[in-house]
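Just so you know, the sequence shown maps onto residues 0 to 984 in numbering that gives the first Met the number 0. Heads up, the beta-carbon is just placed ideally off N, CA and C, and yes, glycines get one too. The structure under discussion appears below in the form of structure tokens.
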Amino acid sequence: MTAVQTSPEQHGDASVAAGQEQFPAGAQVLVRDEVWLVRNAVPTTDDGTRVEVVGVSDFVRDQEAVFFTGLDTVELIDPRDTRLIADDSPTYRRSRLFLEAVLRRTALPQSERRLALADSFLLDPLPYQRRPAELALSGANLRPRLLIADVVGLGKTLEIGLTLAELIRRGRGERILVVTPQHVLEQFQHELWTRFAIPLVRLDSVGIERIQREIPAGRNPFTFFKRVIVSIDTLKNTDQYRHHLEQIRWDAVVIDESHNLINRGSLRNQLAQTLAPRTDALILASATPHNGDARSFAELIALLDPAAIRDPENYRAEDIEHLFIRRTKVSTEVREQMKGQWADRGPSQAVHCPATPAEERIFEELAAVWLPRDGSPSVSSVPLFPYTLLKSFLSSHAALKATVSARIKTLEKKDDPRATGAELAALRRLAELTADLTEADSAKFAALVEQLKGIGVGPSSDTRVVVFSERVQTLEWLATVLPAALGFRGRTAKDCLRVMHGGLSDEQQMRVVEEFGLAGAPVRILLTGDVASEGVNLHRQCHQLVHYDVPWSLIRIEQRNGRIDRYGQARPPQFRALILTSGTEGAKDDTLVSERLLEREDQAHRSLGTAEAVTGLYRAEAEEKSLIQDLLRGRTVDESLDGRRSGEDAGTDAMDDFLADFFGAVGDEPQAGDGTAAEESAHETAGGATGTEVATGSVLPRLFDSTAHFLDEALREVYPDARDRLDLDRDEQSGLLSFRPPADLLHRLKALPVDYLREQRLRERLLVTFNRRLAQHSLQRAHEAGSTSSWPEISLLTDLHPVVEWLTDKVLVRLGRQEAPMITAEVAEPTYLVQGVYSNALGRPTVVKWMGVTRSGAVDDDMVSLLRRSGVGPTMANKLRHRDPAPLAAAIPAVLEAAEAFMERHRDAWDRPLRESIERHKLRLGDWEQPTLAGEHTKRRLTDLADDLLTTGQRPMLRVLAVLLPDPDAPPAASSSPSATPAAL
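As structure tokens, then:
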């Protein structure tokens with residue numbers, strides 16, 4: 000709008016109160032007689048528009064604040080009142096920096112589907128990792144919502160980071176909530192900061208206590224920080240946090256390991272149901288996002304798009320392809336792009352361990368009484384319990400002792416000797432057989448020691464190994480006897496080993512994972528339960544894994560192996576499994592189940608890229624339960640696995656066919672023509688050509704050729720005495736910048752991880768660089784020998800880095816309220832640089848135009864090209880010639896009218912791709928029927944959302960940025976102007 004915009008009370012216009020105000024990022028507003036710079040603006044239901052700002056005028060300079068237009072008068076400064084000023088800086092540096100800063104601070108429009116930042120982060124250029132972000136931005140869905148279901152190890156965290164970065168650049172990522180399992184909190188936080196410069200405040204148990212001490216009593220902790228990462232186990236406490244979560248909206252919510260949300264009525268499911276309707280973007284991630292049940296999986300998809308599936312019992316992959324992407328390691332695009340990036344895994348080696356005499360006596364007892372070889376009834380009245388005993392024994396005598404003791408206590412409580420007497424007697428015999436067993440009686444323990452010594456684990460070696468066991472008792476027993484057996488003595492016997500299981504706190508689990516990933520840490524052996532089989536990266540310093548016992552689930556075996564067999568693994572992962580064998584006739588040793596499962600998992604991994612579809616059950620717990628039931632029926636492992644896939648079990652064939660349609664997989668390969676469907680849609684919507692390339696140059700309008708040059712010039716402008724004021728030190732050869740952060744930057748650094756701030760002493764000195772190789776080396780060095788912190792000393796400066804954002808804001812406020820510089824350039828007549836923005840009802844830009852407008856009404860809508868043709872750049876001369884601003888200012892109203900008329904003329908063409916995409920969604924909604932009141936409410940809500948995404952009927956927001964003036968000393972032929980160049984549409 001060309002007129003001033005104020006609060007709804009001043010206008011008395013209900014439409015303004017409904018969220019129609021436009022406060023674009025980078026614009027200046029007047030509130031409480033002070034000037035502020037808009038960072039973000041979002042409509043609210045009760046208090047008008049929520050405007051996030053940073054102070055510009057002297058009294059509030061660099062202070063952050065939030066205003067609501069329903070409570071305060073927020074004036075968007077009238078562009079007709081723009082004051083034209085001279086720029087006395089060399090090469091018009093101040094003006095060029097100001098224009099660049101406005102370009103950087105303006106959110107990309109909703110119609111821009113291409114990736115803008117993908118090449119600027121600390122990542123390998125792998126197109127397959129970009130495709131989730133492309134799908135989220137493609138317009139295939141009303142909102143950026145998707146389920147990333149790539150198999151273990153492909154880099155889902157990096158794919159999430161790319162997606163969040165693109166949302167931030169579009170003004171749709173100011174408020175971010177990431178929800179993960181507690182043991183991967185720091186790992187996730189670490190990846191998003193070190194790779195993308197996206198800081199997340201970690202609210203683990205320790206973090207919450209710290210925040211509660213800092214914020215006022217009763218304050219919603221989720222309004223205190225803009226971007227946070229929280230453990231799902233912390234957040235699922237609905238009694239404590241639900242009322243806070245219901246009062247806040249997010250721009251983006253990420254839920255990792257989202258298969259844990261499926262069970263309806265569970266606390267995790269309730270949390271998801273609370274968050275899903277209160278966020279714009281929703282990213283779910285899981286390598287196993289299904290439990291084999293069509294309705295349950297449909298409920299997970301409904302969190303993303305309630306109208307995607309009509310019949311939750313009957314739907315196909317194409318119904319959700321706009322929401323779902325899944326690839327495996329053997330997918331063509333992954334396999335070809337990962338050459339040299341990910342070492343091929345070795346085979347799973349079965350290490351046979353002949354049972355000791357003491358163990359054979361237990362095998363004999365189990366075969367005679369609990370699992371009779373002649374098919375006679377078991378002594379236990381619970382059919383599955385004998386297999387629980389067997390699995391405990393195959394883990395360790397310590398685990399068997401614990402299982403026997405717990406069962407005895409359970410039966411004794413029943414106080415029914417007639418019903419429980421025989422089983423109690425059998426349990427007591429097992430207790431006697433295990434009472435005096437030690438590590439000397441364990442064939443597996445002897446084999447483990449031999450194997451670990453064979454791969455080099457010991458006091459004089461840096462070799463590391465992960466040892467998995469299902470049983471906590473086994474882990475704790477091994478922790479007491481293994482170090483000494485490997486030759487560790489004294490303090491090293493304690494330091495060489497760590498134990499991790501679900502009984503540890505989130506802080507303890509994160510500390511264990513971090514230590515194991517540090518080359519300088521003394522830990523060599525990680526004993527872990529299956530709590531570490533999901534999401535944890537253990538591959539940085541380790542490529543050796545031992546299954547001390549083997550889970551009776553292909554999915555769980557694959558998940559375990561995926562901890563070291565993942566993107567970034569430089570050495571071929573090696574897997575060993577200890578297979579306890581028996582000479583007792585009819586004994587059910589590890590060759591019966593475990594060894595065969597290892598072989599089947601390896602076969603599935605090499606042929607399909609994943610083992611989860613082999614049984615058609617898609618859940619580790621269901622696989623184990625089904626297998627035990629089949630063993631009770633007398634089936635073999637192969638008969639059990641193949642029987643379900645062949646449909647021998649009633650009711651399984653339809654379900655198997657249904658899920659095979661999805662997990663074969665969806666989005667597995669790019670569409671014909673070497674471009675993804677999402678990518679083609681994105682380029683079509685943006686009016687560009689299709690193809691696999693990600694065109695960053697054309698997506699981001701830039702006056703400076705790089706962020707490095709922009710920062711360089713900005714430092715000279717804002718801190719000409721930076722060497723003294725900031726103690727700035729610059730290594731020209733390496734590109735390293737080192738300086739002492741001033742107070743206003745320190746305030747922004749509060750969003751960085753607390754451990755990172757403390758360990759790298761960032762409050763005292765910052766080390767940053769644009770040199771990607773240097774930043775990567777620093778990251779690698781943080782995990783090498785001698786490092787005591789996993790946080791790198793040097794961070795990569797990206798467009799999202801707090802240092803870059805801080806300097807961008809400093810540049811913007813160098814000009815006063817409603818000031819625009821006059822620049823002498825190679826133009827034939829005065830040319831006004833004007834920003835024009837159309838927005839939707841949610842306050843997001845749908846069209847952004849950068850124009851050059853002459854007093855005669857000629858318009859060029861490619862301002863950056865105009866500036867380059869006009870010689871505006873670092874080599875231009877500022878002759879400090881006085882120019883009278885009065886006649887130039889008098890023409891501003893007419894210039895704005897010409898700019899508005901130009902935008903109105905072309906608005907329909909610019910709007911068409913967005914409008915057509917939204918109309919397709921509305922047609923699909925019209926076909927979606929649910930015979931419930933809730934279904935009709937959802938339909939109306941999504942229809943309203945679709946309408947809100949369209950450009951509003953308002954006039955565009957216009958802003959005068961600068962004026963280009965002809966150089967009186969230049970010959971006419973050297974001048975360039977919009978009148979000489981037709982408008983570029």
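- Task: Alpha carbon to alpha carbon, how far is E825 from A969? Give it in angstroms, no decimals.
- Result: 8 Å
- Message: Under DSSP, the alpha helix (DSSP H) around Q602 begins and ends at which residues?
- Response: S593 to L607
- Hey, how far is the Cα of M821 from the Cα of A713? 19 Å
- Nearest candidate by alpha-carbon position, reference S864, set L832, A888 and I891: L832
- Task: Determine the contact status of G154 and L163, defining contact as a CB-CB distance below 7 Å.
- Result: no
- Message: According to DSSP, is D250 part of a helix, a strand, or is it coil?
- Response: strand
- Item | Backbone CA spacing between W476 and L591 [nearest angstrom] | 25 Å
- Task: Report all residues from its chain with a CB closer than 8 Å to the CB of L96; omit the five preceding and five following residues, and keep chain order.
- Result: F709, E712, A713, E716, V810 and R813
- Is DSSP giving H351 helix, strand or coil here? strand
- Message: According to DSSP, is D859 part of a helix, a strand, or is it coil?
- Response: strand
- Query: Between T614 and E622, is the Cβ-Cβ spacing less than 7 Å?
  - Reply: yes
- Query: My guess is that R31 and D71 are in contact by the Cβ rule of under 8 Å, so how many angstroms apart are they, rounded?
  - Reply: 7 Å
- Item | Straight-line gap, L616 to L553 (C-alpha atoms, nearest Å) | 10 Å
- Task: Could you work out which residue in W790, E804, D808 and R906 is closest to P844 when comparing CA atoms only?
- Result: R906
- Item | Outcome for Q246 when other beta-carbon atoms lying within 10 angstroms are tallied against a minimum of 16 | exposed
- Message: Is it buried or exposed, P965, if we count other Cβ atoms within 10 angstroms and call 16 or more buried?
- Response: buried
- Task: Would you check if the distance between the CB atom of K328 and the CB atom of G567 is smaller than 7 Å?
- Result: no
- Task: Answer yes if the segment 347-366 comes into contact with the segment 388-402, meaning at least three C-beta pairs across the two stretches below 8 Å, and no otherwise.
- Result: yes
- Item | Reference A354; option with closest CA among K413, P571, A586 and R38 | A586
- Item | Contact between the segment 522-541 and the segment 111-118 (3+ Cβ pairs under 8 Å) | no
- Item | Supposed contact pair E158 and L116 - C-beta distance, whole angstroms, cut 8 Å | Their Cβ separation, rounded to whole angstroms, is 14 Å, which puts L116 and E158 out of contact at 8 Å.
- Could you tell me the distance, in whole angstroms, from the CA atom of D86 to the CA atom of R92? 8 Å
- In whole angstroms, what is the alpha-carbon distance linking A961 and L841? 29 Å
- Message: Between L199 and V177, how many whole angstroms is the CB-CB distance? I'm expecting something under 8 Å.
- Response: 6 Å
- Mind pulling the beta strand (DSSP E) runs of 3 or more residues that sit fully within the segment 214-283? 226-230 and 249-255
- Message: Just to confirm, is the Cβ distance from L756 to I793 under 7 Å?
- Response: no
- What are the residues that DSSP puts in a beta bridge with Y386? Beta-bridge pairing links Y386 to no other residue.
- Message: Quick check: the Cα distance between P42 and Q732, rounded to an integer number of angstroms?
- Response: 48 Å
- Is K848 helix, strand or coil when you go by DSSP? strand
- Message: I believe R760 touches W805 by the beta-carbon criterion, under 8 Å. Please report the beta-carbon distance rounded to the nearest angstrom.
- Response: With 8 Å as the limit, R760 and W805 do not qualify as a contact, their Cβ atoms being about 19 Å apart.
- Query: By how many angstroms is the C-alpha of E213 removed from the C-alpha of E758?
  - Reply: 21 Å
- Would you give the residue range spanned by the alpha helix (DSSP H) that E358 belongs to? P356 to E364
- Task: Return the chain-ordered list of same chain residues with a C-beta closer than 7 Å to the C-beta of K878, the five sequence neighbours on each side being excluded.
- Result: T823
- Task: List the endpoints of the continuous alpha helix (DSSP H) containing D1005.
- Result: This structure cannot speak to residue 1005, because the chain is shown only from 0 to 984.
- Taking T787 as the reference, give the member of R722, F515, F67 and G486 with the closest Cα. F515
- Item | Close beta carbons around M654, own chain, < 6 Å, minus the five adjacent residues each side | Residue placement at M654 is flagged as unreliable, the pLDDT there being 42, under the threshold of 50; a coordinate-derived value is accordingly withheld.
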